[in-house]
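The sequence shown maps to residues 173 to 591 in this note's numbering.
All residues carry an ideal CB built from backbone N, CA and C; glycine is no exception.
Read the structure below first, then the notes.
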Amino acid sequence: MHHFQYKGDELYCEEVPVRLIAEKIGTPCYIYSLATLSHHFTTFDSAFKSVAHLTCYSVKANSNIAILKLFGSMGGGVDIVSGGELYRARRAAIPPERIVYSGVGKTVEEIDFALREKILLFNVESVQELDQINRRAESMSKKASVSLRVNPDIDPNTHPYISTGMKKNKFGISADSAMRASERAKNLRNIEIVGLDCHIGSQLTDVTPFVDALRRLRSLIDRLRQTGFHIRYLDLGGGLGIVYDQEAPPQPHEYARALLGELENIDCTLIFEPGRVIVGNAGILVTKVLYIKRNQAKNFVITDGAMNDLVRPSLYGSYHYIQPVLRSLKETEVVDVVGPICESGDFLAKDRGLPMPAAGDFLAVMSAGAYGFSMSSNYNSRPRAPEVLVKGGQYFVIRQRETWEDLVRPETVPDFLAG
Ligand code: LLP
173 MHHFQYKGDE LYCEEVPVRL IAEKIGTPCY IYSLATLSHH FTTFDSAFKS
223 VAHLTCYSVK ANSNIAILKL FGSMGGGVDI VSGGELYRAR RAAIPPERIV
273 YSGVGKTVEE IDFALREKIL LFNVESVQEL DQINRRAESM SKKASVSLRV
323 NPDIDPNTHP YISTGMKKNK FGISADSAMR ASERAKNLRN IEIVGLDCHI
373 GSQLTDVTPF VDALRRLRSL IDRLRQTGFH IRYLDLGGGL GIVYDQEAPP
423 QPHEYARALL GELENIDCTL IFEPGRVIVG NAGILVTKVL YIKRNQAKNF
473 VITDGAMNDL VRPSLYGSYH YIQPVLRSLK ETEVVDVVGP ICESGDFLAK
523 DRGLPMPAAG DFLAVMSAGA YGFSMSSNYN SRPRAPEVLV KGGQYFVIRQ
573 RETWEDLVRP ETVPDFLAG
């Protein structure tokens with residue numbers, strides 16, 4: 173479900189023609205639909221309304237503070253993985269008691285920041301990290317609440333780069349190490365183990381791996397409780413997939429039904445860290461066709477959007493549906509949609525049937541709300557694209573397009589070169 177639909181031949185975001193925004197703000201640009209964002213948040217969150225839970229939106233999927241503010245205002249918390257994400261979350265006034273912090277490489281500065289902010293939970297990913305958090309908490313005379321992130325060694329059947337719960341992945345600790353770590357934690361006076369956590373991967377299109385992971389965590393909770401731990405939180409991570417092409421992922425209520433079936437009498441507050449399922453289909457990348465170039469092998473549609481704006485096709489071979497912002501009766505041809513970056517890996521689509529556009533036409537790259545802008549870069553010294561939020565018939569720029577001046581602002585020329 174999303175609010176990007178044609179009215180006649182013109183693509184709209186809610187009540188605003190996409191073309192209007194593209195003309196006013198320029199391209200490439202990201203456009204998000206508020207109604208879609210809110211709908212997806214509510215759909216996910218209300219799927220668990222029968223149990224104590226906290227929906228901690230995963231900031232990495234789309235970190236714009238306006239979007240964080242929206243979910244915060246709807247009762248959501250956040251899952252963060254860096255000091256920068258914590259800074260954003262606090263700027264968006266997310267209450268600290270709704271913040272959980274994951275990640276294998278938390279630095280001393282980041283741990284101190286999170287302790288100062290009094291976040292709800294650290295999701296701890298190694299024994300050394302447990303010791304580090306204990307030392308930092310001790311130096312600040314605090315006690316940190318932690319969940320152990322368990323790597324349940326389950327194949328999530330997704331792209332290898334976004335599988336995170338198998339032995340060969342760097343994330344979490346095994347169930348046996350979790351037991352050993354918890355024994356050790358009994359001697360650490362400035363931390364308290366209060367939860368278990370796992371996140372097995374992203375863009376999962378089947379509930380089975382989630383259920384398998386949950387069963388493993390559940391038996392570990394029993395073991396921990398038997399050895400005297402008061403486990404109050406169970407964090408099941410994110411990972412629910414969306415439709416990009418032909419996938420048929422479970423709906424949030426189906427996902428909830430499968431999980432809740434395993435959770436009777438668990439006596440824990442459940443935490444979820446959804447990212448993509450909330451923002452993925454709520455955003456598009458709008459790009460303008462610059463040139464058409466044909467050779468013996470290929471038809472290239474060269475756009476002003478590129479891999480620095482949306483890296484998913486280049487990095488994972490991901491599919492994003494592309495459609496014209498103004499529909500016409502142009503004949504469909506097989507094309508590569510490519511950007512201006514000096515890499516053959518710079519493409520938004522390969523061998524794609526598309527009504528052949530002309531220079532100046534706008535194209536909408538769909539399902540770009542998750543891991544779109546948040547993974548964008550300045551490669552080839554390209555200013556990052558603006559982000560626009562549509563609400564009914566109005567639109568708001570929630571991030572300006574960067575300028576060439578922005579690109580060089582943090583740089584300095586040492587005196588010996590300045591002359
Ligand atoms: N929690 C943790 C600890 C995570 O590492 C992630 C995503 C999430 C939650 C949210 O997962 P989601 O619900 O969005 O699947 N850049 C890749 C996806 C990387 C996901 C990394 N971790 C992509 O564009 O497909």
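{"Query": "Supposed contact pair residue 272 and residue 293 - C-beta distance, whole angstroms, cut 8 Å", "Result": "5 Å"}
{"Query": "Exposure of residue 589, with buried meaning 16 or more beta-carbon neighbours within 10 Å", "Result": "exposed"}
{"Query": "Contact under 8 Å by Cβ, residue 531 with residue 463", "Result": "yes"}
{"Query": "Which residues DSSP lists as bridging residue 319, in chain order", "Result": "295, 367"}
{"Query": "Which listed residue (494, 238, 350) has its alpha carbon closest to that of residue 263", "Result": "238"}
{"Query": "Run of the beta strand (DSSP E) containing residue 205, from where it starts to where it stops", "Result": "201-205"}
{"Query": "Under 8 Å between C-beta atoms of residue 458 and residue 414", "Result": "no"}
{"Query": "Beta-carbon contacts of residue 451 that lie in its chain and below 6 Å, excluding the five residues immediately before and after", "Result": "233, 234, 541, 542"}
{"Query": "Beta-carbon separation (whole angstroms), residue 410 vs residue 230, contact threshold 8 Å", "Result": "5 Å"}
{"Query": "Bridge partners - residue 536, DSSP secondary structure assignment", "Result": "458, 495"}
{"Query": "Coil, strand or helix - residue 401 by DSSP", "Result": "coil"}
{"Query": "Residue 331 versus residue 380: straight-line alpha-carbon distance, rounded", "Result": "16 Å"}
{"Query": "Those residues which DSSP pairs with residue 587 across a bridge", "Result": "According to DSSP, which records beta bridges pairwise, residue 587 is partnered with nothing at all."}
{"Query": "Test item: CB-CB of residue 434 and residue 387 under 8 Å", "Result": "yes"}
{"Query": "Distance between residue 191 and residue 569 (C-alpha atoms, nearest Å)", "Result": "15 Å"}
{"Query": "At least three beta-carbon pairs within less than 8 Å, the stretch 476-494 to the stretch 282-300", "Result": "no"}
{"Query": "Whole-angstrom distance between residue 256 and residue 578, CA atom to CA atom", "Result": "19 Å"}
{"Query": "Contact under 8 Å by Cβ, residue 562 with residue 185", "Result": "yes"}
{"Query": "Three-way DSSP call (helix, strand, coil) for residue 265 in this model", "Result": "coil"}
{"Query": "Residue span of the beta strand (DSSP E) that contains residue 509, given as start and end", "Result": "504-510"}
{"Query": "Proximity below 8 Å, CB of residue 599 to CB of residue 344", "Result": "Any answer about residue 599 is impossible in this case: the structure gives the chain only from 173 up to 591."}
{"Query": "For residue 304, the nearest candidate out of 283, 314, 324 (CA to CA)", "Result": "283"}
{"Query": "Residue of 194, 364, 470 minimising C-alpha distance to residue 496", "Result": "194"}
{"Query": "Distance, residue 325 Cα to residue 354 Cα", "Result": "19 Å"}
{"Query": "Limits of the alpha helix (DSSP H) - the one that residue 427 falls within", "Result": "424-432"}
{"Query": "Endpoints, the beta strand (DSSP E) within which residue 226 is located", "Result": "225-230"}
{"Query": "Any 3 or more C-beta pairs closer than 8 Å across the stretch 243-251 and the stretch 460-475", "Result": "no"}
{"Query": "Three-way DSSP call (helix, strand, coil) for residue 574 in this model", "Result": "coil"}
{"Query": "Selected residue, minimal CA-CA separation from residue 209, among 446, 501, 500", "Result": "446"}
{"Query": "Cut-off 7 Å between Cβ atoms - residues of its own chain near residue 177, not counting five sequence neighbours on either side", "Result": "184"}
{"Query": "Under 8 Å between C-beta atoms of residue 310 and residue 275", "Result": "no"}
{"Query": "Residue 501, DSSP secondary structure in three states", "Result": "coil"}
{"Query": "Beta-carbon proximity check, residue 373 vs residue 349, cutoff 8 Å", "Result": "no"}
{"Query": "Terminal residues of the beta strand (DSSP E) in which residue 472 lies", "Result": "471-475"}
{"Query": "C-beta contact flag for residue 329 and residue 378 at 8 Å", "Result": "yes"}
{"Query": "heavy atom of the ligand LLP below 7 Å from residue 412 C-beta", "Result": "yes"}
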